[in-house]
Amino acid sequence: MIFDLTEDHIMMRKMVRDFAEKECGPGAGERDEKEEFPREIWDKLAELGLAGITFPEEYGGVGADYISYAIAVEELSRVDASVGVTVSAHSSLGANPINLFGTEEQKRKYLVPLAKGEKMGALGLTEPMAGSDASGTRTTAVREGGDYIINGSKIFITNGHEADIYIVIAQMDKSKGNKGIAAFILEKGMPGFTFGKKEQKMGIRSSATYELVFDNVRVPAENLLGQEGQGFKIAMITLDYGRIGIASQALGIAQGAYEQALKYAKERVQFGKTLAQFQINQFKLADMATQIEAARLLVYQAAYLASQHKPVSKASAMAKLHASETAMWVTTQAVQIHGGYGYIREYPVERMMRDAKITEIYEGTSEVQRIVISNHILRE
Ligand code: CAA
């Protein structure tokens with residue numbers, strides 16, 4: 001696929017790059033160290049419209065396309081991957097299911113404040129016994145009069161505790177397998193809805209990751225998203241789009257680490273030459289740049305298909321698979337080029353390598369992406 005970026009895409013990159021370098025860069029290392037959520041940055045980026053890039057203007061969004069969204073998450077993550085995933089999980093996992101499956105009332109009540117960034121969103125899908133096997137959810141929802149009663153818990157929830165609106169996936173009829181699952185919109189503060197453990201992570205340490213606990217949470221029937229029995233498909237389709245966000249995050253991490261490595265290689269002198277004058281490092285940098293460019297094409301292609309309302313499942317899985325493995329590989333090479341300096345906190349590549357790892361895990365591991373891709377290939 002060959003395409004030109006539009007003026008809007010170029011402007012988006014410039015705006016978000018300026019914002020990220022000015023607002024996110026200076027404190028990124030310290031927030032990582034202290035596991036401090038970037039709340040002030042969230043408030044500022046929401047003012048710029050970055051909380052609702054792809055959502056229609058009539059629902060509080062910017063009405064831009066998915067390539068603009070990919071560029072924004074890429075540019076934030078190039079500087080601070082925790083900010084990148086905060087935006088991605090909010091937009092793709094918290095707000096987009098309402099955009100795709102919500103009723104007019106649900107969109108007015110929930111999508112509008114989410115798209116404007118007045119509220120933050122999250123998705124509660126993963127459980128201790130339901131990770132890659134997402135249909136194994138044990139959280140239950142039982143209809144009682146005009147309400148549903150939700151019991152159970154979720155783990156590893158990005159934006160947990162910080163978010164206001166949660167899409168929660170629950171089992172209504174175990175005998176029906178994945179067709180017995182439903183999705184609900186929950187609000188922080190609903191009686192019985194509390195937060196458990198805050199996770200201490202290897203990377204993306206300033207993004208919030210919490211356990212959600214549901215103890216007889218009474219959710220009004222109008223907060224059912226889609227129909228009873230559609231919850232698993234809603235989750236899968238949400239993830240199809242969500243993986244574009246994580247692929248963009250991975251791309252940004254890789255780009256950031258590559259730039260750091262290139263700069264360092266031009267400056268650092270050993271044996272009377274800069275590192276960049278050694279062919280072994282030139283080839284390493286060439287491979288890094290090539291892998292990143294390939295990842296970028298896959299990410300923008302998936303984003304393009306999403307904007308065209310074409311099937312994205314295979315393309316987003318390929319983009320996420322390649323971009324996340326590129327991020328891990330490129331950040332490892334960037335640390336290697338930095339030598340001992342790459343292994344200490346003073347240089348950002350140390351954080352970037354830790355941040356990269358999660359992109360091969362969340363929103364579907366690399367193994368799950370290969371399942372999704374091979375399922376498509378074998379069906380075609
Ligand atoms: N779109 C629409 N329908 C889909 C679909 C999709 N992408 N994927 C599956 N379905 C449908 C299938 O068509 C099938 O429907 P029928 O029963 O009508 O035929 C049904 O769903 C079941 O499909 P499968 O048999 O393929 O489902 P499975 O149980 O074998 O699971 C899987 C497949 C790909 C492994 C899936 O479970 C999966 O994606 N797992 C990973 C989950 C994941 O990504 N978790 C991440 C959690 S969120 C997170 O990390 C967020 C964060 O905080 C950042």
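Everything in the sequence shown is counted per the UniProt record's numbering, starting at 1 for the first residue and increasing by one. C-beta atoms are modelled at their ideal positions from N, C-alpha and C, and glycine is treated no differently. Please read these numbers as outputs of a predicted model, since none were measured by experiment.
Distances taken from the Cβ of residue 164 to the heavy atoms of the ligand CAA include none shorter than 7 Å. Taking C-beta separations shorter than 6 Å and ignoring five residues to either side along the sequence, the partners of residue 32 in its chain run 205, 206, 351, following chain order. For residue 363, the shortest C-beta to heavy atom distance toward the ligand CAA is below 7 Å. Judged by the Cβ position, residue 96 fails to qualify as a neighbour of the ligand CAA at the 7 Å threshold, every heavy atom of the ligand being at least this far. Taking C-alpha positions only, residue 191 is separated from residue 197 by approximately 18 Å. Distances between the C-beta of residue 169 and the heavy atoms of the ligand CAA are all 7 Å or more. In the DSSP secondary-structure assignment, residue 168 is bridged to 124, 184.
In terms of CA proximity to residue 23, 76 leads the group 326, 76, 99. Cβ-Cβ separation between residue 299 and residue 244: approximately 7 Å, consistent with a contact (criterion under 8 Å). In this structure, residue 285 places its C-beta atom within 8 Å of the C-beta atom of residue 265. If you check the CB distance, residue 132 and residue 368 come in under 8 Å. Between the segment 287-294 and the segment 354-362 there are fewer than three C-beta pairs closer than 8 Å, too few to call the two in contact. The count of Cβ pairs closer than 8 Å, one atom from the segment 308-326 and one from the segment 363-377, reaches three, so the stretches are in contact.
With a cut-off of 8 Å on Cβ pairs, the segment 40-49 is not in contact with the segment 94-113, counting fewer than three such pairs.
Listed in chain order, the alpha helix (DSSP H) elements of length 4 or more contained wholly in the segment 225-276 are 231-267.
Here residue 349 has 257, 260, 334, 335, 338, 342 as same chain residues with Cβ atoms under 6 Å from its own Cβ, once five neighbours each way along the sequence are excluded. The Cβ atoms of residue 210 and residue 157 sit closer than 8 Å to each other.
Looking at the DSSP output, residue 154 bridges to 212. At a Cβ-Cβ threshold of 8 Å, residue 9 and residue 68 count as neighbours. The DSSP assignment places complete alpha helix (DSSP H) segments of no fewer than 4 residues inside the segment 6-63 at 7-19, 28-34, 39-47, in order along the chain. Of 13, 144, 304, the smallest CA-CA separation from residue 222 is found for 144. Here residue 182 really is in contact with residue 224; their C-beta atoms are around 6 Å apart, less than 8 Å. For residue 313, the distance from the CB to the nearest heavy atom of the ligand CAA is below 7 Å.
The shortest C-alpha to C-alpha distance from residue 79 to any of 45, 25, 117 is the one to 25.
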